[in-house]
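Visitor:
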Amino acid sequence: MNVSIGLPWGLILSALVLWSALAFASPFTVRFPRIAPFIFPLGAVGALCVATAGLLALHGPPVATISPLGLPGLPFHGRLDALSGFFLILFGLTTVAISLDLAGYRRHEHYPTAERIGAQYHILLASLTLVFVAADSYSFMIAWEAMALSSYLLVITDHLSGATRRAGFLYLLIEHVGALALLAAFAILIAQGPAGAPLSFTFTALHAAHPDAAVAGLVFILAFLGFGAKAGLIPLHVWLPQAHPVAPSPISALLSSVLLKVGIYGLLRVAFIILPTPAPWWGLTTLSIGLMTALLGALSSAVQNDMKRLLAYSSVENIGLITAGIGLALLFSAYGLKALATLALIAALYHCLNHAFFKGLLFLGTGSVLHATGERRLSRLGGLIHRMPQTALLMLIGTLAIAGVPPLNGFVSEWLTLQAFLKATALPRPYLAMGIPLGAALTALVAGLAGYVMVKFYGIVFLGRPRDAQRAQARESGRLERAGLGLLALLCLLAGVWPAGVIALIRPAAHLLSGANAMITTGDLGARVGVGHATYVPWVLWIALGAIALAAILILRVRAARGARRVPVWNCGHPLASARIQDTAEGFGQPIRDVFAAFLAMRRHRPAQDDRVPRYASTIEDRFWQGLYQPAARGFALLFAATATRQPRRIAISLLGVLMTLIGLLVLAP
Amino acid sequence: MIAHLLVRQTIQILFVIAMAPLLAGWIRQCRAWLSNRSGAGLLQPYRELFKLLRKQPVVAEEASMLFVATPYVVFAAMVVAGAMIPMITTRLLLAGAADAVALAGVFTMARIFAALAAMDLGTAFGSMGARRTMLVGFLAEPALLMVLFTPALISGSTSLVVIVHDLARHGVILYPSMVFAAAAYVMVTLAENARLPVDNPDTHLELTMIHEALNLEYSGRYLALIEWSAAIKLLVYIGIGAALFLPWGITQGPGLAGLPMAYALLVAKLAAAGTGLAAIETLSAKLRLFRVPEFLGTAFLLAVLGLLVRYLFGH
Amino acid sequence: MTTLASAIHLLAALFLLAAFAMLSQRRLANLITLYAWQGAILASCIALAAYATGSAHLYASALLNALLKILLVPALLRSLARRLDVQWDRESLVQIPTVMLIGLGLVIFAFNAALPIAVPGAAINHATVGIALAALLLSLLMMILRATALSQVIGFLALENSLIFAATSVTYGMPMVIEFGIALDVIVGIFILGVFFFHIREQFDSLNIDRIEGHHE
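Chains as they are written, first to last, in this note's numbering: chain P, 49 to 718; chain B, 105 to 419; chain D, 352 to 568.
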């Protein structure tokens, strides 16, 4: 194998070097404040390099490289193929916006928060890049752990708060459970290699191992657990709604937009490229877990009262939808319907990209709101559209995009997913062919719920009147923040109006995964997507909507002799006494709580008849806490309590136990 | 060719805009007759619209741009929805731009804008209406999608043109699965258009109103646009129903000759459906609000059942 | 596909729709009306089968079913409901949407179970068998989940409807004697049950199943 340093690798290397330098330089900004403003914009340049490298990698042949780093005889292998390329583009573009936002965000933070974020953030970016380009399990796991640790440190930026530390610990814990599962999966695969030959850790060698069906199934389950823990699939999603809200908002944006997608990337890499042809139950498991995750995420986000936690649960929902698409693709692949598998994959990857853009946008927006008001609780916000009109407009785009409304980008991936579901009647098993329409029904229900959630989010934060007089003095966010928001909003619009452009980015990756071309046609200057006879042309919709609205405005305004008269709110004649009369977040979530009461673990407190100070309260917990985690924790506590009593007091004997275990393992090893 | 398409498209848009108030008037008249009243006449909705258009609108001081823009957005969405349904002819300029799924999406867009605008002023009624509208919406939208999927599975495409073409070609054969879809569709139509038994279009009762609560703060031309959009929405829903379940008489040819007949047939279908709607509304009592999810859940499951039946029969 | 076959399929679908509607209905009066509708669909289905085969006894069966299930039984049930003064079923044991979801699962199961069955015959195929099976399971589900005795009886009657439907679709009906026997059984059964209900109500002051179940001794 020859070491080739082409343009893509050059770009990636320079980004890595740049980010390392920035991470190193960041602590010195205290001494040299003049370099401080350049740290994050330079990081954005690195992200742009990575995105470009991804774009170059899409169409060229896969480029492999062996880095001089690593252990002797165990070098790092790198490989840039279409799948890495696609995820690098996703990562790069989103990161440019987040870095811009951080450049503005930095100014609101005091020493040493900004400096710490600067160092850890750039290490995280570098390790993320390495995860996407790693081509052997050894370097993959190293990059993976580096990513986990640096993101953990970023999550606990606000480490003085106990809640933050607890959330960070939960994140670290589940991250490690997942990493253990991944290690086991890779170890099993490596052990399957040809006997006698030296152990090879490269993905190519793992693919060549060709494990039998049972082993492949085991590896798939382990990988699904490991990557599922990263992506936030049930039942390993509990860390996500805890950890994402406590991180600084730009970091939440990065966690939601990119880090969750790393789990998706890994799942795709292992299930489609490393492992042999999938068995049907892989697809069925993935599909059902995905759909359940989506439903649970949507329901939970509808009943949240904290704007960042609402968005975090909405990420759970979106990851669920992406996973459902992957499950569908696995099912199609298992039955040899490769073109359909490609369709489902394109839908899933399209949604990955969309989610990166709009969730990044929304999280960055909550950062601006947080800085302007210092408030995360929805029940204290309101009316920000008057105080922060530009932020409000950009956030409206994100809101509509995530609600899956045409002609924005969220709708395109929803459209593609539903098309893939509709084709599922081609599956040769009756139970599957009949059960899958139920999946389509669930997807549609989740999409409907997403709309509900987003109206709640936007309506309560930006519309109405300020619920708390102290927050009424909010100011528009800085230029750099708005630039970050604007970039992501622009990407949302672009991905909505120009689906063919996005599909061109995805097609090579999907082709690489499934080995077939999709039955998607694009045309009309690249703005039409079609599956069979069904077509969707966003720009025609835009023009038609715009033309009719314009015509209505012109006709009515020209005819109208007088403009509108501005008066106080009518409100059916009742004077508006207090802003508290508006619907609260709890109120807005009430129908969902009632309709789906069975799905939610809810505790209500209602006042008794003779209470002097009546108090209504309801708390909603994740059912998985009560059903799974608390029993597990109790079980472990009991186990430790039981073993602890038998433990001898003397430390030497404990150490002897360690020694004996080590010797035993060495004896047992072949 | 393009000129023909353009002519057809323009006529259909004008037809949808002009006929919607008449349909609303017809339904009101039928309801009046059925409840032994004489009614205000077919043209009453036009009189109301023109009166509203003439008046100077009154807008609250706290209103943002979103509030003022929403009536136009909703109106445009409804007209576009009406423009892309092959209810008269399958050869339309816009029919290729959006399929059944996109149609449901356009309705969702209008609903989200309406709900956001209602929350803009921070009145209790507005946010309550927004919440209720979204409750009806998030259940009705998947039900609508599932209804549309049944014919989509029969014809193998979500394109409305292909669906109508395929259904009309087979003449008198009635698809068993379409029975379920039709039952679900009627329920969705009632819910989405704020008709009884889900919502009473005639009252502004705080405890029960859903759709009317959204429009309380609008006046003048804004209210006219909102009312007009509601009428168009009803026409569009009936038009979709006519295209899916009674696809006869929709012209497929390239010429303009078949159009008058097709329009006459559509008017007949609309009148018949309007009478049926009035009958349903007269016969049913309003559901309590917390029963509405049950009603829509039933519609949703019926539509899913239609998909299953389609698989069983293979057509 | 012939018009006749498509008509039978349509009726089969309507039959299932009626079964589902009964499952989701709370009001007793509506339940009885739906039962009558189901009977009408069944009768027309038998009549179509009679037309297809040209057999006189199927015509007679259609007539019998129509008389019994559209007119007689609903009238009996209505008068029972009126005299017992039960208008509403109490809140169902399980929420209606959940009931419908379970029903949906049963339908999927029934359809799959029926797929391998292929009956020789022009107008009848596995599809109608699947629908009959699904309707049967749904009626059974209704009997299980209903809270009052009268609606359980209606569930039982719907079960009988599904059986007749299955018989018609598989073998073009049963011998005349058996059909008459079943018809007689149904009428006698309703009379006896009606008498029982009055006694039950005098005894327990309620027709709710759990109240009755509470008294085992």
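C-beta: ideal position from N, C-alpha, C; glycine also.
Nearest chain P C-beta to Ile216(B) closer than 7 Å, yes or no?
Guide: So yes, Ile216(B) belongs to the interface.
Visitor: Helix, strand or coil: how does DSSP classify Gly487(P) here?
Guide: Three-state DSSP puts Gly487(P) in a helix.
Visitor: Check whether the segment 197-216 of chain B and the segment 621-638 of chain P are in contact - that is, three or more C-beta pairs closer than 8 Å.
Guide: Because the criterion of three Cβ pairs below 8 Å is not met, the segment 197-216 of chain B and the segment 621-638 of chain P do not touch.
Visitor: Taking Gly338(P) as the reference, give the member of Ala327(P), Leu602(P), Ile367(P) and Val585(P) with the closest Cα.
Guide: Measuring from the Cα of Gly338(P), the nearest candidate turns out to be Ile367(P).
Visitor: Within the 7 Å Cβ cut-off, does Pro280(B) reach chain D?
Guide: Chain D contact via Cβ: present.
Visitor: Measure from the C-beta of Leu574(D) to each C-beta in chain P and report whether the shortest distance is under 7 Å.
Guide: Since the first and last residues shown for chain D are 352 and 568, residue 574(D) lies out of range.
Visitor: Using three-state DSSP, classify Leu456(P) as helix, strand or coil.
Guide: In this structure, Leu456(P) counts as coil in the three-state DSSP scheme.
Visitor: I'd like the ranges of any alpha helix (DSSP H) spanning at least 4 consecutive residues and lying wholly in the segment 174-234 of chain B.
Guide: Runs of the alpha helix (DSSP H) inside the segment 174-234 of chain B: 204-223.
Visitor: Of the choices Glu157(P), Ile508(P), Leu90(P) and Met195(P), whose alpha-carbon is the least far from that of Ala145(P)?
Guide: That would be Leu90(P), whose Cα lies nearest to the Cα of Ala145(P).
Visitor: Would you decide whether Gln518(P) is buried or exposed? Buried here means 16 or more other CB atoms lie within 10 Å of its CB.
Guide: So Gln518(P) counts as exposed.
Visitor: What do you get for Gln467(P), buried or exposed, if any count of 16 or more other CB atoms within 10 angstroms of its CB means buried?
Guide: By the 10 Å Cβ count, Gln467(P) comes out buried.
Visitor: Tell me the start and end of each unbroken alpha helix (DSSP H) in the segment 632-677 of chain P that is at least 4 residues and wholly inside, in chain order.
Guide: For the segment 632-677 of chain P, whole alpha helix (DSSP H) runs of length 4 or above, ordered along the chain, are 633-643.
Visitor: So what does DSSP say about Val371(B), is it helix, strand or coil?
Guide: Helix at Val371(B).
Visitor: Can the beta-carbon of Leu148(P) be found less than 7 Å from the beta-carbon of Gly532(P)?
Guide: Yes.
Visitor: Roughly how far, in whole angstroms, is the beta-carbon of His255(P) from the beta-carbon of Lys356(P), given that I think they are within contact range, below 8 Å?
Guide: Between Lys356(P) and His255(P) the Cβ distance is about 40 Å, and since that is not below 8 Å, they are no contact.
Visitor: In whole angstroms, what separates the C-alpha of Ser52(P) from that of Ser185(P)?
Guide: Only weak support is given to the placement of Ser52(P): the predicted model assigns it a pLDDT of 49, under 50, and the value that follows is read from those uncertain coordinates. Those two C-alpha atoms are separated by around 21 Å.
Visitor: Whole angstroms is fine: what's the gap from Leu541(P)'s alpha carbon to Ala370(D)'s?
Guide: Roughly 48 Å between the two C-alpha positions.
Visitor: Report the partner residues of Thr113(P) according to the DSSP bridge assignment.
Guide: Thr113(P) is bridged to Gly126(P).
Visitor: Taking the beta carbon of Ile336(B) as the centre, do at least 16 other beta carbons fall within 10 Å, making it buried, or is it exposed?
Guide: Under this definition Ile336(B) is a buried residue.
Visitor: For a contact defined as C-beta to C-beta under 8 Å, what are the partners of Met482(P) on chain D?
Guide: Result: Ile459, Phe462 and Asn463.
Visitor: Nearest to Gly512(P) by CA position, among Val183(B), Phe171(B) and Pro280(B), is which residue?
Guide: Minimum Cα distance to Gly512(P) is reached at Phe171(B).
Visitor: As a quick exercise: from Phe134(P), Ala262(P), Ser362(P) and Pro298(P), pick the residue whose alpha carbon is nearest that of Trp329(P).
Guide: The residue with the shortest Cα to Cα distance from Trp329(P) is Ala262(P).
Visitor: Taking a cut of 9 Å between CB atoms, which residues from the segment 608-622 of chain P lie near chain B?
Guide: Going along the segment 608-622 of chain P in chain order, one finds Ala608, Ala609, Arg610, Gly611, Ala612, Arg613, Arg614, Val615, Pro616, Val617, Trp618, Asn619, Cys620 and His622 with a Cβ nearer than 9 Å to chain B.
Visitor: Looking at His224(P) and His419(P), is the spacing between their C-beta atoms short of 7 Å?
Guide: The answer is no: Cβ separation not under 7 Å.
Visitor: In chain D, what lies closer than 7 Å to Pro85(P) by C-beta?
Guide: Residues of chain D passing the Cβ test: none, with the nearest at roughly 57 Å.
Visitor: Using a Cβ cut-off of 7 Å (strictly closer), state whether Leu118(B) contacts chain D.
Guide: No, Leu118(B) lies away from the interface with chain D (no Cβ there is under 7 Å from its Cβ).
Visitor: Can you confirm whether Met238(B), when its beta carbon is compared against all beta carbons of chain P, has any partner nearer than 7 Å?
Guide: With 7 Å as the cut-off, Met238(B) counts as an interface residue toward chain P.
Visitor: Closest to Ile342(B) by C-alpha separation, out of Trp137(B), Gly378(B), Arg195(B) and Thr262(B), would be which residue?
Guide: Ranking Trp137(B), Gly378(B), Arg195(B) and Thr262(B) by Cα distance to Ile342(B) puts Gly378(B) first.
Visitor: Look up Asp354(P) in the DSSP assignment and say whether it is helix, strand or coil.
Guide: It is a strand residue.
Visitor: Taking the beta strand (DSSP E) that Thr421(P) belongs to, which residues open and close that run?
Guide: Where Thr421(P) is concerned, there is no enclosing beta strand (DSSP E), although the alpha helix (DSSP H) it sits in stretches over Lys386 to Thr421.
Visitor: Between which two residues does the alpha helix (DSSP H) harbouring Thr709(P) extend?
Guide: Residues Ile699 to Leu716.
Visitor: Verify the CB distance criterion: does Ile447(D) have a CB-CB separation below 7 Å to chain B?
Guide: By this cut-off, Ile447(D) is an interface position.
Visitor: List the residues of chain P whose Cβ lies closer than 7 Å to the Cβ of Val177(B), in chain order.
Guide: Chain P residues near Val177(B): Ala597.
Visitor: Identify whether Tyr322(B) lies in helix, strand or coil by the three-state DSSP scheme.
Guide: If DSSP states are grouped into helix, strand and coil, Tyr322(B) belongs with coil.
Visitor: In this structure, does DSSP put Tyr279(B) in helix, strand or coil?
Guide: Looking at Tyr279(B) - three-state DSSP - the assignment turns out to be coil, as it is neither helix nor strand.
Visitor: By DSSP's criteria, Arg435(P) is part of a beta bridge. Which residues make up the other side?
Guide: The partner list for Arg435(P) (beta bridge, DSSP) is empty, contrary to what the question assumes.
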